[in-house]
Amino acid sequence: MFRRLPEIETAAEKVSFTIDGRPASARAGDSVAAALLANGVTACRNTPVSGAARGPYCMMGVCFDCLVTIDGTGNRQGCQVRVAPGMAAETQNGKREVER
Amino acid sequence: MTQPSRGGEYDVAVIGGGLVGSALAWGLARSGQKVAMLDEGDIAVRPSRGNFALVWVQGKGLGMAEYAGWTKQSSDDWSGFADLLREQTGLDVAYRRPGGFMPMLSEEELQARANTMMRLHNQPDMIPYPYEVMDRETLRKELPFIGPDVVGGTYCPLDGHCNSLRLLRTLHKGIGMLGVDYRPNHRVESIEHRDGGFRMTTAGGEIRAGKVVLAAGHDSARLAPMVGLSAPVRPQRGHVIVTEKTAPFLHHPTVYVRQTDEGGVMIGDSFEETGFDTTLQPGISSAIAQRAIRFFPLLGKLNVVRSWAALRVLTPDGFPIYEESKTAPGAFVATCHSGVTLAANHALTLAPLIAAGGLGDRFAPFSARRFHVPQAA
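Same order as they appear, the protein sequences are chains A and B.
Sequential numbering of the first sequence, starting at 18, is according to our numbering.
Sequential numbering of the second sequence, starting at 57, is according to our numbering.
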């Protein structure tokens, strides 16, 4: 689905992180939302009421569709957080838990 | 459907399309009346879109036992009311009655609260209902997430809550199905009592009806004197905050914090006497958020998604007014600040009485005459 431009593919250094516990790779400077898309994860959550699938959309902090659990905290905006080495990103099923 | 009675196109005109007006229009139409509901537009001062959605009993009615009994009756009838609405419209207003808590942050507050509940129940004519004063450990068994500052609280099994925005929408759908003529953008300018009926001059033209019910919230103060009634209500502002939707963790409503059926946590219960000003005051939002976090520290982790301020419709003593005009029979006023809690009563008890023609002695204590204190000699 999404592919990096060739000149970007090699420009930045690789960052290793996990998506739902599986090893994944991003480029330094990627947002979590961009890294999810680059790894083929287009639906990152289900909505809290109807359960409809949602994925990163506006990529600029407005639509709140890219909510994911990052390092144990739910409902983070994936497009507003940069991927860091070792980060644990998790897709979210419905409502966040208040304790995480 | 009956024929319109003498003096108008409609048997009854309900002025006000919020929760009180809608519940009454629904009940009047179910009683066979031909009803018009006259409403303002989208920018009306509309507490029905800003309230906290409790169906609450505990603590209400100190100073008027009849109000405590009236409230308890509505709570007892609410489940059946919600069933009727669901059967009619297919919509679920998410009424739940798990019992509600009033948590306290100091021993003095808890003692004062216990005294209030005792005085309430010691009133003549009080219809008693169960409640408990709980210490911290007992409370924590029911509300495991309370913070270290909570010393205890009171509990009443009758307390509950609903989705009040959906209640308003459901009532509007229901009255449409019952044939009520809903007229938005019909702000009433004047009411004339003539030939045994009522003639309303409105922004959308003239409306005539055999009876008129003032359920216009704040605007009833202006309208009531036109038909020989009095509704001395004032706006009292309250702030509400709502968080992002969260997996269910708070299984009982409290006066200050409740989790909605869809998962958002509502935080409220501020009181400001600032007239018709719905401007959000960040200092007040901040204060109620801090208090909520003392009750439930894990709320501090949640993101706020919306906050607003709305205006309670308050009489001088805080109790409702229900009254028929002496000088213009057929004109009624119904005003209260608990349009959610009392919706079942308005729909199932009050509306059929108005349809039948009169309120009867039971409602004498709710007359606005209680505010007309004779001049001291």
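Cβ coordinates follow ideal geometry from the N, Cα and C atoms, glycine included.
Taking 7 Å as the threshold (C-beta atoms), are L166(B) and V206(B) in contact?
On the second sequence, residue 206(B) is found 150 positions in, with the first residue counted as 1. On the second sequence, residue 166(B) is found 110 positions in, with the first residue counted as 1. No, the pair does not count as a contact, with Cβ atoms beyond the cut-off.
Does any C-beta atom of chain A lie closer than 7 Å to the C-beta of E300(B)?
For the purposes of this step, residue 300(B) is taken as residue 244 along the second sequence, with counting starting at 1. Under the 7 Å criterion on CB atoms, E300(B) is classed as interfacial with respect to chain A.
Can you name the residues that DSSP bridges to N110(A)?
Residue 110(A) sits at position 93 when you count from the first residue of the first sequence. According to DSSP, N110(A) bridges with N63(A).
Assuming D325(B) and I344(B) make a contact with CB atoms under 8 Å, what is their CB distance in whole Å?
As a working note, residue 325(B) is residue 269 in the second sequence. As a working note, residue 344(B) is residue 288 in the second sequence. 7 Å between Cβ atoms; contact.
Report yes if the C-beta distance between V111(B) and C212(B) is below 7 Å; otherwise report no.
The count along the second sequence starts at 1 and reaches residue 111(B) at position 55. The count along the second sequence starts at 1 and reaches residue 212(B) at position 156. No; because the gap between Cβ atoms is not below 7 Å, this pair is not in contact.
Would E107(A) count as contacting chain B if we go by Cβ distances under 7 Å?
If you number the first sequence from 1, residue 107(A) lands on position 90. Not an interface residue.
Check whether the Cβ of L354(B) lies closer than 7 Å to any Cβ atom in chain A.
Reading the second sequence from its first residue, position 298 is the one you call residue 354(B). Closer than 7 Å to some Cβ of chain A, the Cβ of L354(B) qualifies, so yes.
State buried or exposed for N110(A), treating a residue as buried only when at least 16 other CB atoms are found within 10 Å of its CB.
Position 93 of the first sequence, counted from the first residue, corresponds to residue 110(A). The residue in question, N110(A), is exposed, as its Cβ has fewer than 16 Cβ neighbours within 10 Å.
Under DSSP, the alpha helix (DSSP H) around D132(B) begins and ends at which residues?
Here residue 132(B) refers to the residue found at position 76 of the second sequence. D132(B) -> alpha helix (DSSP H) spans 121 to 145.
For G273(B), does the count of other Cβ atoms within 10 angstroms reach 16, so buried, or fall short, so exposed?
Position 217 of the second sequence, counted from the start, is the residue given in the question as residue 273(B). Buried, by the Cβ-count rule.
Quick one: residues in its chain with C-beta nearer than 6 Å to the C-beta of G319(B), no 5 flanking neighbours on either side, listed in chain order?
The residue you call residue 319(B) lines up with position 263 of the second sequence. The beta carbon of G319(B) lies closer than 6 Å to those of K301, T302 in the same chain, with the five residues before and after it left out.
Any C-beta of chain B within less than 8 Å: which residues of the segment 60 to 71 of chain A qualify?
Within the segment 60 to 71 of chain A, the residues whose Cβ lies closer than 8 Å to some Cβ of chain B are P65, V66, listed in chain order.
Just how far apart, CA to CA, sit D133(B) and L234(B)?
Here residue 133(B) refers to the residue found at position 77 of the second sequence. Here residue 234(B) refers to the residue found at position 178 of the second sequence. Approximately 21 Å, taken between the alpha carbons.
Please state the DSSP three-state secondary structure of E193(B).
As a first step, residue 193(B) must be located in the second sequence, where it is residue number 137. It is helical.
Between A287(B), A412(B), F352(B), which lies nearest to F375(B) when the distance is taken from Cα to Cα?
Residue mapping note: residue 375(B) aligns to position 319 of the second sequence, counting from 1. In terms of CA proximity to F375(B), A287(B) leads the group A287(B), A412(B), F352(B).
Any chance you could list the alpha helix (DSSP H) runs of at least 4 consecutive residues sitting entirely within the segment 314 to 372 of chain B, in chain order?
Runs found: 338 to 351.
On the three-pair Cβ rule with 8 Å, is the segment 307 to 315 of chain B touching the segment 108 to 127 of chain B?
The way I'd put it, the segment 307 to 315 of chain B does touch the segment 108 to 127 of chain B; three or more beta-carbon pairs between them come closer than 8 Å.
Who are the neighbours of E318(B) on chain A, taking C-beta pairs under 8 Å?
Reading the second sequence from its first residue, position 262 is the one you call residue 318(B). Near E318(B) (Cβ distances below 8 Å), the residues of chain A are P65, V66.
D215(B) to N178(B), Cα distance in whole Å?
The residue given as residue 215(B) occupies position 159 in the second sequence. The residue given as residue 178(B) occupies position 122 in the second sequence. Here the alpha carbons of N178(B) and D215(B) stand approximately 20 Å from one another.
Can you list, in chain order, the residues of its chain whose CB lies under 6 Å from that of R142(B), leaving out five sequence neighbours each side?
In the second sequence, counting from the first residue as 1, residue 142(B) sits at position 86. Contacts found: D148.
Go ahead and pull the three-state DSSP assignment for M18(A).
On the first sequence, residue 18(A) is found 1 positions in, with the first residue counted as 1. Coil.
Any residues in the segment 19 to 48 of chain A with a beta carbon nearer than 9 Å to a beta carbon of chain B? Which ones, in chain order?
Cβ contacts with chain B: none found.
Proximal chain A residues relative to F422(B), where beta-carbon distance stays under 8 Å
Reading the second sequence from its first residue, position 366 is the one you call residue 422(B). Within chain A, no residue comes near F422(B); the closest Cβ sits about 39 Å away, beyond 8 Å.
Using only CA atoms, which one of T210(B), T405(B), I410(B), E380(B) lies nearest to F422(B)?
Position 366 of the second sequence holds residue 422(B). The candidate whose alpha carbon is nearest that of F422(B) is E380(B).
Please list, in chain order, the chain A residues whose beta carbon lies closer than 8 Å to that of A303(B).
As a working note, residue 303(B) is residue 247 in the second sequence. Those within 8 Å of A303(B) in chain A are G111, K112, R113, E114, V115.
Indicate the three-state DSSP secondary structure (helix, strand or coil) for L270(B) in the structure shown.
Position 214 of the second sequence, counting from 1, holds the residue named residue 270(B). In this structure, L270(B) counts as strand in the three-state DSSP scheme.
May I ask you to list, following chain order, the residues of the segment 358 to 370 of chain B that have a beta carbon less than 8 Å from some beta carbon of chain E?
Here the protein chains are A and B, and chain E is not one of them.
Residue environment, I247(B), which counts as buried when at least 16 other CB atoms sit within 10 Å:
As a position in the second sequence, residue 247(B) is number 191, starting the count at 1. Buried, because 16 or more other Cβ atoms sit within 10 Å of the Cβ of I247(B).
Where H228(B) falls: helix, strand or coil (DSSP):
By 1-based counting over the second sequence, the position of residue 228(B) is 172. Look at H228(B) here: in three-state DSSP terms it is helix.
Can you pull the chain B residues whose beta carbon is under 8 Å from the beta carbon of N92(A), in chain order?
Position 75 of the first sequence, counted from the start, is the residue given in the question as residue 92(A). Those within 8 Å of N92(A) in chain B are E300, N359.
The beta strand (DSSP E) that contains Q167(B), what's its start and end?
Residue numbering aside, residue 167(B) sits at position 111 when the second sequence is read from its first letter. Per DSSP, Q167(B) belongs to no beta strand (DSSP E); it is in the alpha helix (DSSP H), 163 to 177.
Beta-carbon gap between V269(B) and A277(B) smaller than 7 Å
Numbered from its first residue, the second sequence carries residue 269(B) at position 213. Numbered from its first residue, the second sequence carries residue 277(B) at position 221. Cβ atoms of V269(B) and A277(B): not closer than 7 Å.
Suppose you measure from the CA of A52(A) to the CA of G356(B); what does that come to, to the nearest Å?
Here residue 52(A) is taken as the residue at index 35 of the first sequence, counted from 1. Here residue 356(B) is taken as the residue at index 300 of the second sequence, counted from 1. A52(A) and G356(B): Cα-Cα distance of roughly 29 Å.
Give the C-beta separation of P35(A) and A106(A) to the nearest angstrom, bearing in mind that I take them to be a contact with Cβ-Cβ under 8 Å.
Against the first sequence, residue 35(A) aligns to sequence position 18. Against the first sequence, residue 106(A) aligns to sequence position 89. At residue 35(A) the sequence reads Thr, which differs from the Pro that was named. T35(A) to A106(A), Cβ: 7 Å. Contact.
When you compare each of P154(B), G117(B), T316(B) to T172(B) by their alpha carbons, which one comes out closest?
Locating residue 172(B) in the second sequence gives position 116, where the first residue counts as 1. Closest by alpha carbon: G117(B).
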